[in-house]
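J.: Using the numbering used here, the first residue of the sequence shown is number -5, and each one after it goes up by one.
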Amino acid sequence: MSSTRFGNFSNTGEIMLLAVEASPNGMIMTDCGGKIVMVNSATEKLFGYTRQELIGHSVEKLIPERLRHNHPNYRQAYLNESQTRSMGHGRDLYGLHKNGQEFPIEVGLNPVKTERDGTFVLAAIVDITDRKHAEEMILLAVEASPNGMVMTDQQGKIILVNSTTEELFGYKRQELLGQSIEILIPVAHRAHHPELRNEYLENPSARAMGHGRDLYGLDKNGKEFPVEVGLNPIQTPRGRMVLASVIDITERKQQEALLKSALKEKEILLSEIHHRVKNNLQIIDSLLGMQSEKLPDETTVSVLKESQNRVKSMALIHQILYESLDFSRIDFSSFIQLLTDNLSISYALDAEKIVIAIDADQVHLPIDISIPLALILNELCTNAMKYAFPRNRKGKIKIYLKLQTSGQLLVSVSDNGVGIPGDLDIENTTSLGLQLVQLLSEQISAELTIHRKKPTCFTLKVPLQQ
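Structure, rendered in structure tokens:
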């Protein structure tokens, strides 16, 4: 080789030797006969030999005895091919330490051609014991998983399953390895599955259990069963793989079905209860109406009518519950409209003279608050309709129901009528209606405020449990 073409050869050679010697990987050069002509210090550490014990010896010295027989053939085939071969190429490889211990390695090969001495082979060697140990730990974890674990390649071929998968689907792993993943999918869904698989591989990401639609597996006997599947993409030297975790949720689905059935039965029972309560209250209402028709005393008739309206208010609550999809809460704004319509008819209210204005949020209240509050509104509206506008006086009754940010419910009934007489002792009144208002307010822990006139206003602050 001329120095004009390659520069100072001796300096270049020294630099190359220093680079090889400093490499963290074992570096071995052999001639075309497989004799070792060069090693570096990393090779000495890796195999336990000094370089003097290796140079001049066959490279088969570093290969386990069980693998030596075929190695010369592999070596010759490589020389005939004479191409660079990267790490991780081909089958599992093992080195043999001086103490006789085998260890897993990866080997990269590079041909080095010379004009005078022919072709040499430079091998870079890495001890992958730690990596193999980690892989074994992963495989043990996969095997021990209580979930079925299935790994597929980019073509959907199964390359790994664990024992739980065998139990779930009834196949031996030898029957699954190399098969398409579609073997575990019901026939009705197989045609569409490759498309879904390709879409996932285009945008791979961890996908949690329970994601998306209902899924089903197909066991060896042709039986379908519901499953949940979690997906994880894994990048490997062989390309991107997908690890699927599979859980049989048959028992969960059965429990859900039983729960839904029980809830349905409970809803039917509650519906029937509220229906019967409503009907019984309507019977009481009818009995009170029949009794009032036979009484000549107007005062007694008035008392019976007020009792009728109280019964109707409770019946309205149960009617709304009976018609509702939620038997635990009542749309109270709907109730207010029904209540005022009912009272307007009962007291023959002239809509041209007395206007009823409702400003109510759509608030859903539990029944333990709804019934007392319904009776309170019944009493307050009745009181306003009967006494606020004597001698055909015109006016307005306002009903206000708003949910406050503090979690309280603000309820008020006001009118611009004649007001409450100043000599009426509200706290010690003999009026059954006002007594009921105060007692029921205490029952729901509401703060009651009364303003006598201009306007007359009853205000309640009702605490609601969050």
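We put the beta carbon where it would ideally sit given N, CA and C, even for glycine.
Applying the 10 Å Cβ sphere with the 16-neighbour rule, what's the burial state of R387?
T.: By one-based count along the sequence shown, residue 387 stands at place 393. That one is exposed.
J.: Consult DSSP for Y43 and reduce its assignment to one of helix, strand or coil.
T.: Walking along the sequence shown from the start, residue 43 turns up at place 49. Coil, per DSSP.
J.: Counting beta carbon pairs with one atom in the region 364 to 374 and one in the region 430 to 441, are three or more of them shorter than 8 Å?
T.: yes
J.: Buried or exposed for S364, please, with buried defined as at least 16 other CB atoms from any protein chain shown within 10 angstroms of its CB.
T.: Within the sequence shown, numbered from 1, the residue matching residue 364 stands at position 370. Per the 10 Å Cβ criterion, buried.
J.: Is I444 helix, strand or coil when you go by DSSP?
T.: Position 450 of the sequence shown holds residue 444. Strand at I444.
J.: Between the alpha carbons of L298 and E245, how many angstroms are there, rounded?
T.: By 1-based counting over the sequence shown, the position of residue 298 is 304. By 1-based counting over the sequence shown, the position of residue 245 is 251. For L298 and E245, the distance between alpha carbons rounds to 58 Å.
J.: Could you check the C-alpha separation between R446 and Q356 for me, to the nearest Å?
T.: Within the sequence shown, numbered from 1, the residue matching residue 446 stands at position 452. Within the sequence shown, numbered from 1, the residue matching residue 356 stands at position 362. Using only the alpha carbons, I get a separation of about 29 Å.
J.: Any contact of the region 441 to 460 with the region 411 to 421, i.e. 3+ C-beta pairs under 8 Å?
T.: yes
J.: Label G112 either buried or exposed according to how many other C-beta atoms from any shown protein chain fall within 10 Å of its C-beta, with 16 as the threshold for buried.
T.: Residue mapping note: residue 112 aligns to position 118 of the sequence shown, counting from 1. Exposed: under 16 other Cβ atoms inside 10 Å.
J.: So is S(-3) buried or exposed if we call it buried at 16+ other beta carbons inside 10 Å?
T.: Counting from 1 along the sequence shown, the entry for residue -3 is found at position 3. With a pLDDT of only 37 at S(-3), under the threshold of 50, the placement of this residue in the model should not be trusted; the figure read from the coordinates follows. Of the other Cβ atoms in all chains shown, fewer than 16 fall within 10 Å of the Cβ of S(-3); this residue is therefore exposed.
J.: Would you mind working out which of D325, H358, V305, F326 sits nearest L337, comparing C-alpha positions?
T.: Taking the sequence shown and counting its residues from 1, one reaches residue 337 at position 343. L337 has its Cα closest to that of V305, out of D325, H358, V305, F326.
J.: Report the start-end ranges of each beta strand (DSSP E) in the region 398 to 458 that is 3 residues or longer and not cut off at the edges.
T.: 402 to 409, 441 to 445, 450 to 457
J.: Taking H183 as part of the alpha helix (DSSP H), name the residues at either end of that continuous run.
T.: Counting from 1 along the sequence shown, the entry for residue 183 is found at position 189. Here the alpha helix (DSSP H) through H183 covers 181 to 184.
J.: Alpha carbon to alpha carbon, how far is F97 from V181?
T.: Taking the sequence shown and counting its residues from 1, one reaches residue 97 at position 103. Taking the sequence shown and counting its residues from 1, one reaches residue 181 at position 187. Their Cα atoms are separated by approximately 46 Å.
J.: Have a look at the DSSP bridge pairing and note the partners of G102.
T.: Within the sequence shown, numbered from 1, the residue matching residue 102 stands at position 108. Answer by DSSP bridge pairing, in chain order: A118.
J.: Where Q248 and Q402 are concerned, what is the direct C-alpha to C-alpha distance, given to the nearest angstrom?
T.: As a first step, residue 248 must be located in the sequence shown, where it is residue number 254. As a first step, residue 402 must be located in the sequence shown, where it is residue number 408. If you take the alpha carbons of Q248 and Q402, they lie about 42 Å apart.
J.: Roughly how many angstroms separate the alpha carbons of M21 and P140, rounded to a whole number?
T.: In the sequence shown, residue 21 corresponds to position 27, counting from 1. In the sequence shown, residue 140 corresponds to position 146, counting from 1. Straight-line Cα distance between these residues: approximately 44 Å.
J.: Taking 9 Å as the cut-off, decide whether the C-beta atoms of I175 and I152 are in contact.
T.: Translated into the one-based positions of the sequence shown, residue 175 becomes position 181. Translated into the one-based positions of the sequence shown, residue 152 becomes position 158. Yes, the Cβ-Cβ distance between I175 and I152 is below 9 Å.
J.: Hey, K214 and E259: beta-carbon distance below 9 Å or not?
T.: By 1-based counting over the sequence shown, the position of residue 214 is 220. By 1-based counting over the sequence shown, the position of residue 259 is 265. Not closer than 9 Å, so no.
J.: According to the neighbour-count rule (16 or more other Cβ atoms, all chains shown, within 10 Å of its Cβ), is G211 buried or exposed?
T.: Position 217 of the sequence shown, counting from 1, holds the residue named residue 211. The residue in question, G211, is buried, as its Cβ has 16 or more Cβ neighbours within 10 Å.
J.: Could you give the first and the last residue of the continuous alpha helix (DSSP H) run that contains Y68?
T.: Residue numbering aside, residue 68 sits at position 74 when the sequence shown is read from its first letter. For Y68, the enclosing alpha helix (DSSP H) starts and ends at 65 to 75.
J.: Just verifying my parser: in three-state terms, what is the DSSP assignment at V297?
T.: Here the question's residue 297 lines up with position 303 in the sequence shown. In this structure, V297 counts as helix in the three-state DSSP scheme.
J.: Quick one: grab the DSSP three-state call for R323.
T.: Here residue 323 refers to the residue found at position 329 of the sequence shown. In the structure shown, R323 sits in a strand (DSSP, three-state: E or B).
J.: Tell me whether F383 sits in a helix, a strand or coil according to DSSP, three-state version.
T.: Looking up residue 383 in the sequence shown gives position 389. Reduced to three states, the DSSP call for F383 is coil.
J.: Compute the beta-carbon to beta-carbon distance between F452 and S406, rounded to the nearest angstrom, for a pair I have assumed lies under 8 Å.
T.: Along the sequence shown, one-based indexing puts residue 452 at 458. Along the sequence shown, one-based indexing puts residue 406 at 412. Confirmed, about 6 Å.
J.: Does the region 36 to 43 come close enough to the region 64 to 80 that 3 or more CB-CB pairs lie under 8 Å?
T.: Judged by pairs of C-beta atoms under 8 Å, the region 64 to 80 does not touch the region 36 to 43, as fewer than three such pairs exist.
J.: Checking 9 Å against the spacing of the C-beta atoms, do L190 and R234 come in under that value?
T.: Taking the sequence shown and counting its residues from 1, the one referred to as residue 190 is at position 196. Taking the sequence shown and counting its residues from 1, the one referred to as residue 234 is at position 240. Not closer than 9 Å, so no.
J.: For T44, which residues from the same chain have a beta carbon less than 7 Å from its beta carbon, with the 5 sequence-adjacent residues on both sides left out?
T.: Within the sequence shown, numbered from 1, the residue matching residue 44 stands at position 50. Within the same chain, T44 has close Cβ partners E38.
J.: What whole-angstrom Cβ distance do I352 and T334 have, given they're in contact under 8 Å?
T.: Along the sequence shown, one-based indexing puts residue 352 at 358. Along the sequence shown, one-based indexing puts residue 334 at 340. Indeed, because the Cβ distance is near 7 Å, the residues count as touching under 8 Å.
J.: What distance in whole Å lies between the Cβ atoms of V33 and L48, which are believed to be in contact at a cut-off of 8 Å?
T.: By one-based count along the sequence shown, residue 48 stands at place 54. By one-based count along the sequence shown, residue 33 stands at place 39. Rounded, the Cβ-Cβ distance is 5 Å, consistent with contact.
J.: Taking 8 Å as the threshold, find out whether the region 155 to 164 comes into contact with the region 123 to 130 through three or more Cβ pairs.
T.: Touching, no.
J.: Quick one: give me the first and last residue of the beta strand (DSSP E) that A218 is part of.
T.: Taking the sequence shown and counting its residues from 1, the one referred to as residue 218 is at position 224. According to the sequence shown, residue 218 is Glu rather than Ala. Residues 218 to 230.
J.: In three-state terms, what does DSSP make of V357?
T.: For this step, residue 357 is matched to residue 363 along the sequence shown. Note: V357 maps to coil in three-state DSSP.
J.: Spatial neighbours of Q302 within its chain, please: CB distance less than 7 Å, with the 5 preceding and 5 following residues excluded, ordered by chain position.
T.: Reading the sequence shown from its first residue, position 308 is the one you call residue 302. The answer, listed in chain order, is D279, L282, G283.
J.: Which residues in the same chain as E15 place their Cβ atom closer than 7 Å to its Cβ, once the five residues preceding and following it in sequence are excluded?
T.: Counting from one through the sequence shown, the residue named residue 15 turns up at place 21. Taken in chain order, the residues that qualify are N34, S35.
J.: So, G89 versus V240, is the Cβ gap smaller than 9 Å?
T.: Taking the sequence shown and counting its residues from 1, one reaches residue 89 at position 95. Taking the sequence shown and counting its residues from 1, one reaches residue 240 at position 246. No, these two residues do not count as a Cβ contact at 9 Å.
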